[in-house]
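This report refers to the structure that appears directly beneath it.
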Amino acid sequence: MRIAGQSMSQITGVKKPLSHTNSLTKLPKHGVETPHEDELDKYYEEIDKWGLDMFKIAECANKHPLTSIMYTIFKARDLIKTFKIPSKKFINFMITLEEHYLDVPYHNCLHAADVVQSVHVLLLSPALDSVFTDLEILTALFAAAIHDVDHPGVTNQYLINSSSELALMYNDESVLENHSLAVAFKVLQQEETDIFVNLSKKQRQTLRKMTIDMVLATDMSKHMSLLADLKTMVETKKVAGSGVLLLDNYTERIQVLQNMLHCADLSNPTKQLEIYKQWCELVMEEFFQQGDKERSLGLDISPMCDRYNATIEKSQVGFIDYIVHPLWETWGDLVHPDAQEILDTLEDNRDWYHSMIPMSPTAQELSAQEAEGVGPVRDLAAAAEKIKFQITLEEPEDEEEYEESAEQLE
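Residue numbers (the working numbering): 1 to 410.
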């Protein structure tokens, strides 16, 4: 991964890929050289299951979790053979792609690997059995792999507010999403990394159009309209006698794939609690680093980004209630009952975070503390805690507060 802050605004400045496979006489089983191949074997026995521990995969994959997960899934789905993808080019492309993910706390190659595996599992839903073509599956996994490449760890709004080169380049429209697409397709232009060299011209055009449509839909400013369209689809959905979804045209097919990637991108709260907590810690640190930048530039600090005032537990409950749960509930209706276990975990996690919200001390407790000389008036630390409690218990003004907060996850 590159260090955040290095030049990223010029697509022509994308690094020329190096061959990462010249010295290999035999490609590693899971795409990366590692002394932990046996451990990877064990973890990948669960590759078709929701909630694979990507942190453990990263430890075993020699810091290339995205390359390893993509190579393993592509082999398992026979996509390398189906599309005649040269294996060495595939490894070169994936490692080059990972090198263009920045060393930021959350929006890095580990997050991308997690989204890829989540999309892979969602594609296995019985309600989607045989619904999508091999090309559509290839595209969905590719879009997941590239969707945040070169993400600098700040939001679209920050880039716009700080008059960044990227915002100027993309005219303030889905800045990060447009940039990730441009970087990925620029890397594909190099002969050493053109993994789609054997696709027909029509296949390449279709893949490019679908990838663009999917990645642009990950812009959180599109969330409400995307969700509204998904709800409409659920109300009018058609299924075969076997319960498999019937999708009649490109609009319907891309809509499901867009929402699938969106769900995968917002899937952290649906994973096992211990895994979810790790993701939460990383995303909050990225938010706080943005808040620090905003403070130093004299900009308004974005929601959830002030490390001195943010209430993480409350933020997570609001994020789930207003953004994640409505999305996943609607997805669950679309593929019913395939996502029920995921929804159950999401609700359990929400309840856990809600139980961890600090409770305000009662007036009686405060009076007792005052009498003992340890109350908030006499104790500055306790005073700070009192303020923190008051902030914690403030009710959100409206749904827009959490919609704005959710845009931090672009």
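Every residue, glycine too, gets a C-beta built ideally from N, C-alpha and C.
inquiry  = Using 8 Å as the threshold, is the C-beta distance between residue 184 and residue 70 below it?
reply    = As a working note, residue 184 is residue 184 in the sequence shown. As a working note, residue 70 is residue 70 in the sequence shown. Going by C-beta atoms, residue 184 is not nearer than 8 Å to residue 70.
ask   = Do residue 328 and residue 413 come within 8 Å of each other at the CB atom, strictly closer than that value?
value = Coverage of the chain is limited to positions 1 through 410, which leaves residue 413 absent and any answer about it impossible.
request  = Scan the region 243-277 and note each continuous alpha helix (DSSP H) run of 4 residues or more that stays entirely inside, going in chain order.
outcome  = Runs found: 250-265.
ask   = Could you give the distance in angstroms between the alpha-carbon of residue 129 and the alpha-carbon of residue 244?
value = To locate residue 129, count along the sequence shown from 1; it is residue 129. To locate residue 244, count along the sequence shown from 1; it is residue 244. Cα to Cα, the separation comes out at about 6 Å.
message = Does residue 382 come out as helix, strand or coil in the three-state DSSP assignment?
response = Position 382 of the sequence shown, counting from 1, holds the residue named residue 382. Because residue 382 sits at a pLDDT of 39, beneath the cut-off of 50, its placement in the model cannot be relied upon, and the point is left open.
ask   = Assuming residue 294 and residue 106 make a contact with CB atoms under 8 Å, what is their CB distance in whole Å?
value = Indexing the sequence shown from 1 puts residue 294 at position 294. Indexing the sequence shown from 1 puts residue 106 at position 106. Contact doesn't hold; Cβ gap of about 17 Å is too wide.
ask   = Bridge partners of residue 238, per DSSP?
value = Looking up residue 238 in the sequence shown gives position 238. According to DSSP, residue 238 shares a beta bridge with 246.
message = Rounded to whole angstroms, what is the Cα-Cα separation between residue 48 and residue 163?
response = Position 48 of the sequence shown holds residue 48. Position 163 of the sequence shown holds residue 163. Between residue 48 and residue 163, the C-alpha separation is close to 43 Å.
Beta-carbon proximity of residue 141 to residue 132, cut-off 8 Å = Residue numbering aside, residue 141 sits at position 141 when the sequence shown is read from its first letter. Residue numbering aside, residue 132 sits at position 132 when the sequence shown is read from its first letter. No, Cβ-Cβ distance for residue 141 and residue 132 is not below 8 Å.
task = Would you check if there are 3 or more beta carbon pairs closer than 8 Å linking the region 204-216 to the region 109-119?
result = no
query = Where does residue 41 land, buried or exposed, given buried means 16+ other C-beta within 10 angstroms?
reply = Against the sequence shown, residue 41 aligns to sequence position 41. Classification for residue 41: exposed.
ask   = Roughly how many angstroms separate the alpha carbons of residue 154 and residue 196, rounded to a whole number?
value = Counted from its first residue, the sequence shown places residue 154 at position 154. Counted from its first residue, the sequence shown places residue 196 at position 196. Rounded to the nearest angstrom, the two C-alpha atoms are 31 Å apart.
ask   = Mind checking whether residue 277 and residue 193 have CB atoms under 8 Å apart?
value = Start at 1 with the first residue of the sequence shown, and residue 277 comes out as number 277. Start at 1 with the first residue of the sequence shown, and residue 193 comes out as number 193. Going by C-beta atoms, residue 277 is not nearer than 8 Å to residue 193.
Residue burial classification, residue 65 (beta-carbon count within 10 angstroms, cutoff 16) = Here the question's residue 65 lines up with position 65 in the sequence shown. Classification of residue 65: buried, given that the 10 Å Cβ count is 16 or more.
request  = Could you check what DSSP says for residue 180 in three-state terms: helix, strand or coil?
outcome  = Translated into the one-based positions of the sequence shown, residue 180 becomes position 180. Residue 180 falls in the helix class under three-state DSSP.
query = Is the Cβ-Cβ distance between residue 324 and residue 230 less than 8 Å?
reply = Start at 1 with the first residue of the sequence shown, and residue 324 comes out as number 324. Start at 1 with the first residue of the sequence shown, and residue 230 comes out as number 230. No, these two residues do not count as a Cβ contact at 8 Å.
query = Can you name, in chain order, every residue of its own chain whose Cβ lies under 6 Å from the Cβ of residue 198, other than the five neighbours on each side?
reply = Taking the first residue of the sequence shown as position 1, residue 198 is located at position 198. Its chain contains 84 as the residues whose beta carbon lies nearer than 6 Å to that of residue 198, once the 5 sequence neighbours on both sides are disregarded; these appear in chain order.
task = Give a yes or no on whether the C-beta atoms belonging to residue 177 and residue 257 are separated by under 8 Å.
result = The count along the sequence shown starts at 1 and reaches residue 177 at position 177. The count along the sequence shown starts at 1 and reaches residue 257 at position 257. Against a cut-off of 8 Å, the Cβ pair of residue 257 and residue 177 comes out as no contact.
key: Cut-off 7 Å between Cβ atoms - residues of its own chain near residue 62, not counting five sequence neighbours on either side   = For this step, residue 62 is matched to residue 62 along the sequence shown. Excluding five sequence positions before and after residue 62, the CB atoms of its chain that fall closer than 7 Å to its own CB belong to 32, 33 and 34, given in chain order.
message = Would residue 187 and residue 97 qualify as a contact pair, given that the criterion is a beta-carbon distance under 8 Å?
response = Reading the sequence shown from its first residue, position 187 is the one you call residue 187. Reading the sequence shown from its first residue, position 97 is the one you call residue 97. The answer is yes: Cβ separation under 8 Å.
query = When burial is assigned at 16 or more other CB atoms within 10 Å of the CB, is residue 156 buried or exposed?
reply = Numbered from 1 along the sequence shown, position 156 holds the residue referred to as residue 156. So residue 156 counts as buried.
task = Between the Cα of residue 139 and those of 206, 180, 326 and 314, spot the shortest distance and give me the residue it belongs to.
result = For this step, residue 139 is matched to residue 139 along the sequence shown. When each option's Cα is compared against that of residue 139, the closest is 206.
query = What's the C-alpha gap between residue 281 and residue 92?
reply = Counting from 1 along the sequence shown, the entry for residue 281 is found at position 281. Counting from 1 along the sequence shown, the entry for residue 92 is found at position 92. Answer to the nearest angstrom: the Cα atoms are 31 Å apart.
task = Output the distance between the C-alpha atoms of residue 336 and residue 298, rounded to the nearest integer angstrom.
result = Within the sequence shown, residue 336 is the residue found at index 336, counting from 1. Within the sequence shown, residue 298 is the residue found at index 298, counting from 1. Going from the Cα of residue 336 to the Cα of residue 298 covers about 48 Å.
query = Out of curiosity, what's the CA-to-CA distance linking residue 317 and residue 82?
reply = As a position in the sequence shown, residue 317 is number 317, starting the count at 1. As a position in the sequence shown, residue 82 is number 82, starting the count at 1. So the alpha carbons of these two residues sit roughly 44 Å apart.
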